[in-house]
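Right, one structure below, let's go through it.
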Amino acid sequence: MSKTKKTFPLAGLWDNGVHSYRTRIYYDKTDAAGLVYHAEYLCMAEQARTESLRSLGLFQRSLFKTDGIVLTVRHCSIDFKRPAFLDDLIEVKTRFKRIAGARVFLAQDISCVEENLDQTKFLVGMEFQIACVKRCGRPTRFPENLRLTISNIINAN
Numbered sequence: 011m012s013k014t015k016k017t018f019p020l021a022g023l024w025d026n027g028v029h030s031y032r033t034r035i036y037y038d039k040t041d042a043a044g045l046v047y048h049a050e051y052l053c054m055a056e057q058a059r060t061e062s063l064r065s066l067g068l069f070q071r072s073l074f075k076t077d078g079i080v081l082t083v084r085h086c087s088i089d090f091k092r093p094a095f096l097d098d099l100i101e102v103k104t105r106f107k108r109i110a111g112a113r114v115f116l117a118q119d120i121s122c123v124e125e126n127l128d129q130t131k132f133l134v135g136m137e138f139q140i141a142c143v144k145r146c147g148r149p150t151r152f153p154e155n156l157r158l159t160i161s162n163i164i165n166a167n
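The opening residue of the sequence shown carries number 11 in this note's numbering; numbering runs sequentially from there.
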C-alpha cells in the first residue's frame, strides 16, 4: 500500500497568517554552474506575493482598473544562505508584518523542501516594503478593503 501525499494547491496555503507557495526549479532558472541565478529568488518572491494576494481575493489587475493603484517594491533586502539547484522543490513563505499609510512590510523566506523527509532547508530570507502608488506614480494610502484584508492576516500571526 502506498503512502498518499498531501496535495499542494497552485495558489498555496495559509496557516496561522503565513502563506506557503511552492514551485520547482527548472533549467531556465539556473546559471552556468547549475545554481539558481540570484535574481530568480526575486521572481519566486513576486510569484508567492501575487498568489498570497490572489488567494485573499485581491487581484492586482483589478486594483489597477478599479482603484487606479499598483503595488510596487519600494525596498528589498536579501540574505542568501544556501543555493537552490535544478529540480529542487522550493517553498516560499510570506508573512505580512504591518501596514502603515501607503506601505506594507512583509518577510519572505525561501526554503528547499526535502520531499522524502517532509522537512525544509532554509535558503534565502527577504524583507520587503511594498508601496501603494497611483497610476501617476505618487504614493497613496491603501484602499480600505485592501487595508482591512491585510490587517486581518497580520492579526492572524
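By construction, the Cβ of each residue, glycine as well, lies at the ideal position given by its N, Cα and C atoms.
Simplified DSSP assignment, three categories, for residue i
{"i": "E124", "result": "strand"}
{"i": "R32", "result": "strand"}
{"i": "F106", "result": "strand"}
{"i": "D25", "result": "strand"}
{"i": "F74", "result": "helix"}
{"i": "A117", "result": "strand"}
{"i": "K91", "result": "coil"}
{"i": "L158", "result": "helix"}
According to DSSP, residues forming a beta bridge with residue i
{"i": "H85", "result": "Q139"}
{"i": "I100", "result": "T33 and C122"}
{"i": "I188", "result": "Nothing can be reported for residue 188, as the shown portion of the chain is limited to 11 through 167."}
{"i": "R64", "result": "According to DSSP, R64 bridges with nothing at all."}
{"i": "P149", "result": "V143"}
{"i": "Q129", "result": "E124"}
{"i": "L45", "result": "F95"}
Per-residue burial, residue i [other beta carbons within 10 Å of its own, 16 or more giving buried]
{"i": "A55", "result": "buried"}
{"i": "D119", "result": "buried"}
{"i": "C122", "result": "buried"}
{"i": "E61", "result": "buried"}
{"i": "R71", "result": "exposed"}
{"i": "G22", "result": "buried"}
{"i": "R59", "result": "buried"}
Assumed close pair residue i, residue j - CB separation to whole angstroms, cut-off 8 angstroms
{"i": "N167", "j": "R105", "result": "7 angstroms"}
{"i": "P93", "j": "L45", "result": "4 angstroms"}
{"i": "S87", "j": "W24", "result": "Contact doesn't hold; Cβ gap of about 24 angstroms is too wide."}
{"i": "T40", "j": "Y47", "result": "7 angstroms"}
{"i": "I79", "j": "T150", "result": "6 angstroms"}
C-beta neighbour in chain C for residue i, strict 8 angstroms
{"i": "A94", "result": "In the structure shown, chain C does not exist; there is a single protein chain."}
**Request:** Count the C-beta pairs between the stretch 150-162 and the stretch 122-135 that are closer than 8 angstroms, then say yes if the count reaches three, no if not.
**Result:** Contact between the stretch 150-162 and the stretch 122-135 is absent, with fewer than three C-beta pairs closer than 8 angstroms.
**Message:** Any contact between the stretch 30-38 and the stretch 94-103? By contact I mean 3 or more CB pairs, one from each, below 8 angstroms.
**Reply:** Contact between the stretch 30-38 and the stretch 94-103 is present, with at least three C-beta pairs closer than 8 angstroms.
**Item:** At least 3 beta-carbon pairs within less than 8 angstroms: the stretch 104-115 vs the stretch 138-148
**Value:** At 8 angstroms Cβ cutoff, the stretches touch.
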